[in-house]
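Q: Numbering follows this note's numbering, in which position 276 of the sequence shown is assigned residue number 297; successive positions increment by one, without gaps.
Backbone N, C-alpha and C fix where the C-beta goes; we use that ideal spot for every residue, glycine too.
In this text the structure is predicted, and so the values were computed from the model without any measurement.
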Amino acid sequence: MPPLPERLDFPLIETPQQLQQLLAQPRGSLLRYGRPVGRLAFRALPGKKPVRLQQLEGPTILRAPNGTVRWMSGRLDQVAGKRAQDVSRQVMDFLQRHRRLFGLENPREELRLQDVSRDALGYTHLRFEQHYRGYPVWAAELRVHVDAGGQIYAVNGTYEPTPSGPSAPTPWLTAAEAYEQAATDLRRKGRWQPPGPALRDALGLEEAPPRLVWYRHREHGWHLAYEVDIRPNWMERYTYLIDAQTGQILHTFANYCTLRPTESSAIPDAPEIAYTPLPSLQANSSMRRRRMCSATPAHCGFITILPPATL
22 MPPLPERLDF PLIETPQQLQ QLLAQPRGSL LRYGRPVGRL AFRALPGKKP
72 VRLQQLEGPT ILRAPNGTVR WMSGRLDQVA GKRAQDVSRQ VMDFLQRHRR
122 LFGLENPREE LRLQDVSRDA LGYTHLRFEQ HYRGYPVWAA ELRVHVDAGG
172 QIYAVNGTYE PTPSGPSAPT PWLTAAEAYE QAATDLRRKG RWQPPGPALR
222 DALGLEEAPP RLVWYRHREH GWHLAYEVDI RPNWMERYTY LIDAQTGQIL
272 HTFANYCTLR PTESSAIPDA PEIAYTPLPS LQANSSMRRR RMCSATPAHC
322 GFITILPPAT L
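(1) Where do the ends of the beta strand (DSSP E) carrying Gln202 lie?
(2) Taking the C-alpha atoms as reference points, what is the distance between Pro218 and Thr195?
(3) Evaluate His244 with the Cβ neighbour count: other Cβ atoms within 10 Å of its Cβ, from every protein chain shown; 16 or more gives buried, anything less gives exposed.
(4) Using a threshold of 9 Å, state whether the C-beta atoms of Arg164 and Leu147 are closer than that.
(5) Tell me whether the beta-carbon of Ala275 lies closer than 9 Å to the beta-carbon of Ala246.
(6) Quick check on this structure: which residue in Met113, Ser185, Gly124, Arg208 has the alpha carbon closest to the alpha carbon of Pro86?
(7) On the CB-based measure, 16 or more other CB atoms within 10 Å of its CB, does Gln38 come out buried or exposed?
(8) On a Cα-Cα basis, can you pick out the residue from Arg221, Gln151, Pro216, Pro231 that is closest to Glu198?
(9) How long is the line joining the alpha carbons of Pro216 and Pro253, rounded to whole angstroms?
(10) So, with DSSP's three-state summary, where would you put Arg212?
(11) Spatial neighbours of Arg53 within its chain, please: C-beta separation below 6 Å, excluding the five flanking residues on both sides.
(12) Would you identify the three-state DSSP class for Asp222, choosing helix, strand or coil?
(13) Measure the C-alpha to C-alpha separation of Val176 and Asp222 and round it to an integer number of angstroms.
Following this line, the structure appears as structure tokens:
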């Protein structure tokens with residue numbers, strides 16, 4: 022082997038031609054000072070798939086800004102049985118086992134089964150409503166989907182992590198007082214023109230009764246509030262969230278749609294109801310059809326009303 026000074030005496034390379042000349046010299050490499058001890062063999066790495074095609078098998082998870090699971094899909098778990106009670110029990114076991122993943126302290130207490138449906142493909146869909154300290158969490162639910170083979174393949178929903186801090190205060194307002202708070206606000210805005218009983222019946226203008234819910238305000242945190250469904254006129258519908266202790270309006274939004282924009286101060290004219298006997302059913306005097314006309318004569322139609330005994 023050459024002495025160390027000779028091995029460290031590297032020539033100065035300034036041009037590509039000098040590099041070509043240096044490479045053309047039979048200097049060899051360090052491998053010529055070694056001694057072969059065996060034969061090199063190449064063998065593919067063990068695996069069912071090529072390395073570049075191997076992928077981790079796991080669920081796909083998309084999280085909401087609050088950290089909860091907005092969407093999760095994959096081969097999540099297997100349930101046995103076809104009866105709704107068996108499927109729902111095993112789905113709840115799955116949610117309880119993975120409660121940290123879902124951001125819930127105790128899904129058995131916080132999630133209440135509201136609906137179980139099965140579609141034409143034999144897939145089962147379960148809908149849970151989130152509760153806390155005896156009251157539902159506003160607009161919070163979780164859905165679990167099971168295929169025909171019993172595989173939980175997807176979970177989605179919009180819900181809250183288990184609330185921390187709020188107690189269950191005694192509401193100082195009644196449901197009627199909360200409704201009046203919403204009505205007062207709509208009167209102030211010029212939207213209050215409630216339809217009469219006949220028009221409510223003809224158009225099915227029903228209102229859900231106020232209910233107590235937990236509502237998380239973006240700035241002020243959790244509040245026990247009344248969710249108020251209110252129809253101030255024949256066309257519009259609003260949802261109000263009223264603090265159950267102070268009567269403060271925490272949130273409100275319109276819950277209807279129109280085909281054309283309307284002025285903020287104008288309420289569309291209510292339709293008129295005209296009762297006309299059906300020509301082909303004169304013998305049944307209890308059957309009527311109602312002609313609905315707005316202020317514009319071109320917008321008229323007929324609604325047939327059947328008596329309860331014939332429904």
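A: Quick look at the numbers:
(1) Not the beta strand (DSSP E): Gln202 falls in the alpha helix (DSSP H), residues 196–209.
(2) 24 Å
(3) buried
(4) yes
(5) no
(6) Gly124
(7) exposed
(8) The shortest C-alpha separation from Glu198 is found at Pro231.
(9) The C-alpha of Pro216 lies about 8 Å from the C-alpha of Pro253.
(10) DSSP, reduced to helix, strand and coil, places Arg212 outside both helices and strands of the structure shown, so it counts as coil.
(11) Because Arg53 carries a pLDDT of 45, less than 50, the predicted location of this residue cannot be relied on, and the following value inherits that uncertainty. Nothing listed; no residue qualifies.
(12) helix
(13) Roughly 39 Å separates the two Cα atoms.
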